[in-house]
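**Student:** Just so we're aligned, residue 2 is where the sequence shown starts under the working numbering, counting upward by one.
Backbone N, C-alpha and C fix where the C-beta goes; we use that ideal spot for every residue, glycine too.
First the structure, which I've put down as structure tokens, then a few questions once you've had a look.
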Amino acid sequence: MLFKTLLLALMVQAEPELIDAPFNTLRSTDYGGSFNPDETWLYFSHIPADTGRRQVFRAPVLAYGLGEAEPVFAGGAPVMGSDVHISPDGTRMWFKTRLNTGPLSERNDGNIYVSHRVGETWSTPRPLGPEVNSSGEEFYPVETSSGDLYFSRQDGDGDYDIFIARRTINGFAEAVRLPAPVNSEFIDTDAYIAPDQSYLLFVRMFAPDGLGWSDLYISYPDDDGWTEPRPIGPHYNWAGIDGSPSMGRDGRTMIFTSNRRAASPDERGGTLDLYQVEFDPDAWRED
Numbered sequence: 002m003l004f005k006t007l008l009l010a011l012m013v014q015a016e017p018e019l020i021d022a023p024f025n026t027l028r029s030t031d032y033g034g035s036f037n038p039d040e041t042w043l044y045f046s047h048i049p050a051d052t053g054r055r056q057v058f059r060a061p062v063l064a065y066g067l068g069e070a071e072p073v074f075a076g077g078a079p080v081m082g083s084d085v086h087i088s089p090d091g092t093r094m095w096f097k098t099r100l101n102t103g104p105l106s107e108r109n110d111g112n113i114y115v116s117h118r119v120g121e122t123w124s125t126p127r128p129l130g131p132e133v134n135s136s137g138e139e140f141y142p143v144e145t146s147s148g149d150l151y152f153s154r155q156d157g158d159g160d161y162d163i164f165i166a167r168r169t170i171n172g173f174a175e176a177v178r179l180p181a182p183v184n185s186e187f188i189d190t191d192a193y194i195a196p197d198q199s200y201l202l203f204v205r206m207f208a209p210d211g212l213g214w215s216d217l218y219i220s221y222p223d224d225d226g227w228t229e230p231r232p233i234g235p236h237y238n239w240a241g242i243d244g245s246p247s248m249g250r251d252g253r254t255m256i257f258t259s260n261r262r263a264a265s266p267d268e269r270g271g272t273l274d275l276y277q278v279e280f281d282p283d284a285w286r287e288d
């Protein structure tokens, strides 16, 4: 893969690197990344400084980095949403949006939509049913190789937790909250699940073992459910914001969002950018 070769060349010391791309500047907010299967395109969320409106963009993978980004269209219209994820087989595009939801059109909460690949285009996005979408806020959808869907939800009490909806022959079973210790009294969100569900990378906010405003954690499935989440340390987390993790198709390249080039760790507006780093998901497993 060109992108993998590029990363190996850039990351001799395996330090997080700002992704080399024309769009990845202080003039916009860019976060969340998902490759298509052959890693020729990176899909991501883009907020221009002049409009402040979230939109799904994509950028071509070139020998030296990423090329000029372009808006993604589905059903002939630009995708006004965020938290985009391309399914492992490349046939589905998931994202969160505040588009009207048919009979629930009076609502303005975020919901998860899906668009299907049709040749070189994407179909008109459709909202998922009540098994996934609720009166709360659903976001950050990630599909596994078996078709299960992991996502985050903010309920009416302001709690943020990670959920899973198992694939069925008719769609999805009723989504269920992941058990402790993945979900906790803190904010747990933005979960990336490995395609084979062998590990879970996610964001935890304001935890005492974290380094900043939000940090990246990892957990593994075990006989009791999930292992105790562990922060992945100061090599990846810093005193400000780290979030929106995902992995390249090689399983060894992490894409994440950070404000680490901001003047202050507390600064957010226009400072969220996409970073890349070599990452071994097995390094935090306990013997």
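1. By a C-beta neighbour count over all protein chains shown, 10 Å radius and 16 as the cutoff for buried, is P38 buried or exposed?
2. Roughly how many angstroms lie between the CA atoms of S217 and Y237, to the nearest whole one?
3. Pair every Cβ in the segment 218 to 226 with every Cβ in the segment 163 to 173, then say whether three or more of these pairs are closer than 8 Å.
4. Do G66 and A22 have their CB atoms nearer than 8 Å?
5. Which residue from T98, E186 and V57 puts its Cα closest to that of P128?
6. Here's the rule: buried if 16 or more other CB atoms are within 10 angstroms of the residue's CB, otherwise exposed. What is D281?
7. Run the CB neighbour count on S247, radius 10 Å, all protein chains shown included, and call it buried at 16 or more, exposed below.
8. What does the alpha-carbon distance come out to for the pair R262 and Q277?
9. Between the C-alpha atoms of D243 and D210, what's the straight-line distance to the nearest angstrom?
10. Going by the DSSP bridge assignment, what does W42 pair with across the sheet?
11. Could you give the residue range of the beta strand (DSSP E) that holds G53?
12. Between the alpha carbons of A240 and N260, how many angstroms are there, rounded?
13. Closest to E69 by C-alpha separation, out of Q56, D84, W42 and A78, would be which residue?
14. The ligand NAD and V57: does the residue's C-beta get closer than 7 Å to at least one heavy atom of that ligand?
15. If I measure Cβ to Cβ from P329 and keep anything under 6 Å in the same chain, skipping five residues before and after, which residues do I get?
16. Per DSSP, what are the beta-bridge partners of R28 in this structure?
17. Span of the beta strand (DSSP E) holding F207?
18. In angstroms, rounded to a whole number, what distance separates the CA positions of E40 and R154?
19. May I have a chain-ordered list of the beta strand (DSSP E) segments no shorter than 3 residues that lie completely inside the segment 123 to 178?
20. Just checking my contact of D1 with G33 at CB under 8 Å: how many whole Å lie between their CB atoms?
21. Establish whether the CB of Y114 and some CB of chain D are separated by less than 8 Å.
22. CB W285 to CB R250, shorter than 8 Å?
23. Here's a check: name, in chain order, each residue in its chain whose Cβ is nearer than 7 Å to the Cβ of M206, leaving out the five neighbours to either side.
24. What does DSSP give as the partner residues of Y218 in its beta bridges?
25. Taking just the CA atoms, how far does G91 sit from A64?
**Tutor:** So, to answer that:
1. If you number the sequence shown from 1, residue 38 lands on position 37. Exposed: under 16 other Cβ atoms inside 10 Å.
2. The sequence position of residue 217 within the sequence shown is 216, counting from 1. The sequence position of residue 237 within the sequence shown is 236, counting from 1. Going by the sequence as given, residue 217 is Leu instead of Ser. Straight-line spacing of the CA atoms in L217 and Y237 works out to 8 Å.
3. In short, these stretches do not touch, since the Cβ pair count stays below three.
4. As a first step, residue 66 is located in the sequence shown; it is residue number 65 there, counting from the start. As a first step, residue 22 is located in the sequence shown; it is residue number 21 there, counting from the start. Cβ atoms of G66 and A22: closer than 8 Å.
5. Looking up residue 128 in the sequence shown gives position 127. Selected option, being the one with the closest Cα: T98.
6. Here residue 281 is taken as the residue at index 280 of the sequence shown, counted from 1. D281 should be labelled exposed.
7. Walking along the sequence shown from the start, residue 247 turns up at place 246. It counts as buried.
8. Translated into the one-based positions of the sequence shown, residue 262 becomes position 261. Translated into the one-based positions of the sequence shown, residue 277 becomes position 276. Going by the C-alpha atoms only, they are around 14 Å apart.
9. Translated into positions along the sequence shown, residue 243 becomes position 242. Translated into positions along the sequence shown, residue 210 becomes position 209. Looking at the two C-alpha atoms, the distance is approximately 14 Å.
10. Indexing the sequence shown from 1 puts residue 42 at position 41. Per DSSP, the beta bridge partners of W42 are P61.
11. In the sequence shown, residue 53 corresponds to position 52, counting from 1. From DSSP, G53 is part of no beta strand (DSSP E); its letter is neither H nor E.
12. As a working note, residue 240 is residue 239 in the sequence shown. As a working note, residue 260 is residue 259 in the sequence shown. Taking the straight line from one Cα to the other gives about 10 Å.
13. Position 68 of the sequence shown, counted from the start, is the residue given in the question as residue 69. When only C-alpha atoms are compared, the closest one is W42.
14. Absence of the ligand NAD from the depicted structure is noted, as is the absence of any ligand whatsoever, leaving it without description.
15. The chain is shown from 2 up to 288; residue 329 falls before or after that span and cannot be answered.
16. As a first step, residue 28 must be located in the sequence shown, where it is residue number 27. R28 is not bridged to any residue.
17. As a first step, residue 207 must be located in the sequence shown, where it is residue number 206. It is not in any beta strand (DSSP E) - F207 carries neither H nor E in the DSSP assignment.
18. In the sequence shown, the residue the question calls residue 40 occupies position 39. In the sequence shown, the residue the question calls residue 154 occupies position 153. Take the alpha-carbon of E40 and the one of R154: they are about 29 Å apart.
19. 138 to 144, 150 to 155 and 161 to 166
20. The chain is shown from 2 up to 288; residue 1 falls before or after that span and cannot be answered.
21. Absent here is chain D; the protein component of the structure consists of one chain.
22. Walking along the sequence shown from the start, residue 285 turns up at place 284. Walking along the sequence shown from the start, residue 250 turns up at place 249. Their beta carbons are not under 8 Å apart, which means W285 does not touch R250 by this criterion.
23. The residue you call residue 206 lines up with position 205 of the sequence shown. Cβ contact annotation for M206 (same chain, cutoff 7 Å, sequence separation greater than five): F187, I188, W214 and S215, in chain order.
24. Position 217 of the sequence shown, counting from 1, holds the residue named residue 218. The partner list for Y218 (beta bridge, DSSP) reads F203 and P232.
25. Indexing the sequence shown from 1 puts residue 64 at position 63. Indexing the sequence shown from 1 puts residue 91 at position 90. The straight-line gap from Cα to Cα measures roughly 22 Å.
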